[in-house]
Structure formats: structure tokens, C-alpha cells
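Trainee:
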Amino acid sequence: MTNVLELHNVSRHISGKKIVQDLSFSVQAGEVFGFLGPNGAGKTTTIRMMVGLSPITSGDILINGHSIQTSYQHAIQHVGAIIENPEMYNHLTARQNLVHFARMNGKVDEARIDELLELVSLQHVKHKRVRTFSLGMKQRLGIAQALIHRPKLLILDEPTNGLDPEGIRMIRDYLRRLAKEEGLAVIVSSHLMSEMELMCDRFAIIQTGKLIAIEDQRAETKQDDLVNYRMKVAAGELEGAQKLIDAFEEGVTVREEEQYLFFSMPEQKMPELIRHLSSASIHLYEIKIEKQTLEDKFLSLTGKKEADV
Ligand SMILES: Nc1ncnc2c1ncn2[C@@H]1O[C@H](COP(=O)(O)OP(=O)(O)O)[C@@H](O)[C@H]1O
Ligand SMILES: [Mg+2]
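In this text, residue positions in the sequence shown follow our numbering: the first is 26, and each later residue adds one.
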């Protein structure tokens, strides 16, 4: 795997205050990486350091192997970024904005511009002035703009802020496609864990400037990992089933709640347990795996609710 972005023990102190502390992680080609944390956690500060907009107090950030501090030009040429709001000219059309931006970067590749307008579904409104665009359309045009020079790394700071669910879904689909089809490394920050769960392959969770966890959504469950199950049996058989499961495997405890049984067990034991219950004439109506949501994890790690941040 190629690391497109690497943070090595990055810290940022502002007038004695430790805003970012000792952050290390890397983002690979072809993945969407979430940068998650409550408001004020230090996401924007970290992202500003990645693109050289803010000095790094200690540590280093490498983009495609080049230090943003000592080889700025080499590093930044691989980056496309939207930090805060994308800069657009409201009196120009979508296409004119992209042409203008491409010209500032040196050359105008007309085919690339149309390909990008197509990618973010703005082809049909490309001759409309940006003034008339919704926030979601502006964000998508911003993504197209950030991709004009074919960067290897796309950095987006809270791109879904203020978007409606449909707009969020579109951004999510584009980012996933870009990572998969173009091998782009994407890092996207958010304070909304529910969004990150669907969008990202992996993510880092930070709080008060410190890394508290790296989660890999692609990690496969191992055979003896405990899985949380929810089971529904015939109403009169709840107690009997509970006893059987309790006795079936050492260390398994079953809890009953609103006509359901809840317990954790290695997945490989399940077929045997089902046979065991059936042979005792227990009527099984439903067995469901209860996945720990990202929000549960975030809560247990930070003690903070999304709504509180
Ligand atoms: N230039 C600055 N001077 C002083 N404090 C700052 C400055 N920039 C950010 N901060 C503080 O650093 C913390 C992290 O801010 P920020 O990176 O914007 O967080 P996030 O993007 O995760 O919401 C906040 O407490 C903020 O007030
Ligand atoms: Mg921010």
C-alpha cells in the first residue's frame, strides 16, 4: 500500500496552548479516510498544516513522500483541497469558474473540465451562474475544482456541513468512486460520526488535539471474535431458551429485554447453538447481529454525544 499522506508526531502550539498534540497516522492511495472529532478538536488546524497554511510546531507531514515544510512545491502539487468554503466567482458560470481556476494553474484541459463536471453531476447546469447554485451544488463544484490538476490527495474540511441528506449522499458517492476508480487518497473531516460510517474505509478519532483511536471499517471479524446477537423466540419459551444459552457456552450471559434475548458469542458457535435450541423444541423467529455503531464507539471513547459537541 502506498502512503500518500503521512503525519509524524505533528504538534501545533498557539500562544502556549497545545492545539494539536503528537498526531501520527497515514492515508493510503484508494481509500477514503475520515478525520473525526467534536467541534474544537483541532481538525481544521491539522488540515491547515497539511496544506502549509499553518506552521507546524514540531513533527512533519509528508505528501507523496515530500515534506510540506522543506519541499513545499513538491508536496503541494499532489494536493487538491477545500478548506472552509470553496472560493467561487458567483457572477461566472460553473464551467467558467473551472476554466478560470485551471488557467491560474497553468493550463486549461477542456476535456478534463467536462469530465469533472460530469463526475459531480453538474454537466446540465454548467452554463448557469454559480450565484443560482444551492450549497450542495457549490460543494460539488468545489470538489471538481480541487481535482482539476489530477492530485493524488484530496483534502476536504467538513464538506457535508449544512447539506441536506440527499446532498450528503451525493458527496459520499463521489468520494467513494474517486477513491476506487482513480486511486485517489481522500481525507475528509467531520464532527458527525453517522456520516463517516458510510463514507470511510478507515478513520481517526481526535479529541482536544490528541489521537484517541484509528478504526478500520474493512477489518474482518476473526473466527473467535465475540459477536452481539439479538434473538426472538416464542413468548412462552423465553425463560427456557435463556437457560439453555446460559448453559451452552462458558462465560456467555443472556439478558432479556422486551421479548428479545441479547448475548455475545463467537460466530462459529452459532450453528451449533441453533441446532441445540431447535432440538429442545424452542421456536426461533429471528436472529440478528447487533453491530456496534460508530456512534456507540465514539461515545465510549470520548464520552461525548454528537449532539453535545
Ligand atoms: N489561531 C488560533 N489562535 C488560538 N486558538 C486557536 C486558533 N485556531 C484555532 N484555535 C483553537 O484551537 C482549537 C481547535 O480548533 P479547530 O482546529 O478549528 O477545531 P475543529 O476544526 O476540530 O473544530 C479550538 O479550541 C480553537 O479555538
Ligand atoms: Mg473545523
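Yeah, the Cβ is synthetic: ideal placement off N, Cα and C, and Gly gets one too. Please read these numbers as outputs of a predicted model, since none were measured by experiment.
Among the candidates 76, 32 and 53, whose CA atom is the shortest distance from the CA of residue 226?
Mentor: Here the question's residue 226 lines up with position 201 in the sequence shown. Closest option to residue 226, Cα to Cα, is 53.
Trainee: Based on the DSSP secondary-structure assignment, which residues constitute the bridge partners of residue 53?
Mentor: Here the question's residue 53 lines up with position 28 in the sequence shown. 28.
Trainee: By Cβ distance below 6 Å, which residues in the same chain neighbour residue 161 in space, the five residues on each side in sequence not counted?
Mentor: Here residue 161 refers to the residue found at position 136 when the sequence shown is read from its first residue. Contacts found: 188 and 192.
Trainee: Identify whether residue 83 lies in helix, strand or coil by the three-state DSSP scheme.
Mentor: In the sequence shown, the residue the question calls residue 83 occupies position 58. Note: residue 83 maps to strand in three-state DSSP.
Trainee: Roughly how many angstroms lie between the CA atoms of residue 276 and residue 296, to the nearest whole one?
Mentor: Walking along the sequence shown from the start, residue 276 turns up at place 251. Walking along the sequence shown from the start, residue 296 turns up at place 271. Approximately 18 Å, taken between the alpha carbons.
Trainee: Which residues mark the beginning and the end of the beta strand (DSSP E) in which residue 211 is found?
Mentor: Position 186 of the sequence shown holds residue 211. Residue 211 -> beta strand (DSSP E) spans 210 to 215.
Trainee: Going by DSSP, what residues sit across from residue 253 in a beta bridge?
Mentor: Position 228 of the sequence shown holds residue 253. In DSSP, residue 253 forms a bridge with 289.
Trainee: Pull up the distance between the alpha-carbon of residue 237 and that of residue 230, whole angstroms please.
Mentor: Numbered from 1 along the sequence shown, position 212 holds the residue referred to as residue 237. Numbered from 1 along the sequence shown, position 205 holds the residue referred to as residue 230. Computed Cα separation, rounded: 6 Å.
Trainee: Straight-line CA distance for residue 84 to residue 148?
Mentor: If you number the sequence shown from 1, residue 84 lands on position 59. If you number the sequence shown from 1, residue 148 lands on position 123. Those two C-alpha atoms are separated by around 43 Å.
Trainee: Given this structure, state the Cα-to-Cα distance separating residue 71 from residue 65, to the nearest angstrom.
Mentor: Residue 71 sits at position 46 when you count from the first residue of the sequence shown. Residue 65 sits at position 40 when you count from the first residue of the sequence shown. Cα-Cα distance, rounded: 11 Å.
Trainee: How about residue 69: is its Cβ closer than 6 Å to a heavy atom in ligand 2?
Mentor: Reading the sequence shown from its first residue, position 44 is the one you call residue 69. Because some heavy atom of ligand 2 lies under 6 Å away, the Cβ of residue 69 counts as near it: yes.
Trainee: Does the pairing of the region 141 to 160 with the region 174 to 181 give three or more beta-carbon distances under 8 Å?
Mentor: Result no; under three Cβ-Cβ pairs closer than 8 Å.
Trainee: Using the three-state DSSP reduction, which class does residue 326 fall into: helix, strand or coil?
Mentor: Position 301 of the sequence shown, counted from the first residue, corresponds to residue 326. Residue state, collapsed to three classes: helix.
Trainee: Pull up the DSSP beta-bridge partners for residue 232, would you.
Mentor: In the sequence shown, the residue the question calls residue 232 occupies position 207. For residue 232, which the question treats as bridged, DSSP gives the partners 235.
Trainee: Just to confirm before moving on: does the CB-CB distance between residue 312 and residue 224 stay below 7 Å?
Mentor: Sequence index remark: in the sequence shown, residue 312 carries index 287 (1-based). Sequence index remark: in the sequence shown, residue 224 carries index 199 (1-based). In this structure, residue 224 does not lie closer than 7 Å to residue 312 by Cβ.
Trainee: Quick one: does the C-beta of residue 64 sit closer than 6 Å to a heavy atom of ligand 1?
Mentor: Numbered from its first residue, the sequence shown carries residue 64 at position 39. It does: the Cβ of residue 64 is within 6 Å (strictly closer) of some heavy atom of ligand 1.
Trainee: Any heavy atom of ligand 1 closer than 6 Å to the beta-carbon of residue 39?
Mentor: Locating residue 39 in the sequence shown gives position 14, counting from the first residue. For ligand 1, at least one heavy atom lies less than 6 Å from the Cβ of residue 39.
Trainee: Thinking C-alpha only, which one of 285, 166 and 39 is nearest residue 145?
Mentor: Translated into the one-based positions of the sequence shown, residue 145 becomes position 120. Nearest of 285, 166 and 39 to residue 145, Cα basis: 166.
Trainee: Go through its chain and collect everything with a Cβ distance to residue 60's Cβ below 8 Å, but skip five positions before and after it.
Mentor: Here residue 60 corresponds to residue number 35 of the sequence shown, with the count starting at 1. Same-chain partners within the cutoff: 68, 71, 72, 212, 213, 214, 215, 228, 229 and 231.
Trainee: Which residue wins for smallest C-alpha separation from residue 169, given the options 80, 218 and 199?
Mentor: Within the sequence shown, numbered from 1, the residue matching residue 169 stands at position 144. The shortest C-alpha separation from residue 169 is found at 199.
Trainee: Can you say whether residue 254 is buried or exposed, counting buried as having 16 or more other CB atoms within 10 angstroms of its CB?
Mentor: Within the sequence shown, residue 254 is the residue found at index 229, counting from 1. It is buried - the Cβ of residue 254 has at least 16 other Cβ atoms within 10 Å.
Trainee: If contacts are defined as beta-carbon pairs under 8 Å, then residue 34 and residue 47 qualify, I think. What distance do you get, rounded to the angstrom?
Mentor: As a position in the sequence shown, residue 34 is number 9, starting the count at 1. As a position in the sequence shown, residue 47 is number 22, starting the count at 1. Confirmed, Cβ separation roughly 5 Å.
Trainee: Helix, strand or coil, according to DSSP, for residue 335 in the structure here?
Mentor: This structure does not reach residue 335, given that the chain is present from 26 up to 334, and the question cannot be answered.
Trainee: Return the first residue and the last residue of the beta strand (DSSP E) that residue 280 is part of.
Mentor: For the purposes of this step, residue 280 is taken as the residue at position 255 of the sequence shown. Element bounds for residue 280: 280 to 282.
Trainee: What are the start and end residues of the beta strand (DSSP E) that includes residue 311?
Mentor: Mapped onto the sequence shown, residue 311 falls at position 286. Note, residue 311: beta strand (DSSP E), 309 to 314.
Trainee: Expressed to the nearest angstrom, what Euclidean distance is found between the alpha-carbon atoms of residue 221 and residue 305?
Mentor: Stepping through the sequence shown from its first residue, residue 221 is reached at position 196. Stepping through the sequence shown from its first residue, residue 305 is reached at position 280. Distance between the alpha carbons of residue 221 and residue 305 is about 43 Å.
Trainee: May I ask whether a heavy atom of ligand 1 can be found less than 6 Å away from the beta carbon of residue 44?
Mentor: To locate residue 44, count along the sequence shown from 1; it is residue 19. At least one heavy atom of ligand 1 is nearer than 6 Å to the Cβ of residue 44, so yes.
Trainee: Just to confirm the assignment, what range does the alpha helix (DSSP H) spanning residue 200 have?
Mentor: If you number the sequence shown from 1, residue 200 lands on position 175. Where residue 200 is concerned, the enclosing alpha helix (DSSP H) stretches over 190 to 207.
Trainee: Once the 5 residues before and after residue 326 are set aside, which same chain residues still bring their CB inside 7 Å of it?
Mentor: Counting from 1 along the sequence shown, the entry for residue 326 is found at position 301. So the qualifying residues of the chain are 230, 237 and 238.
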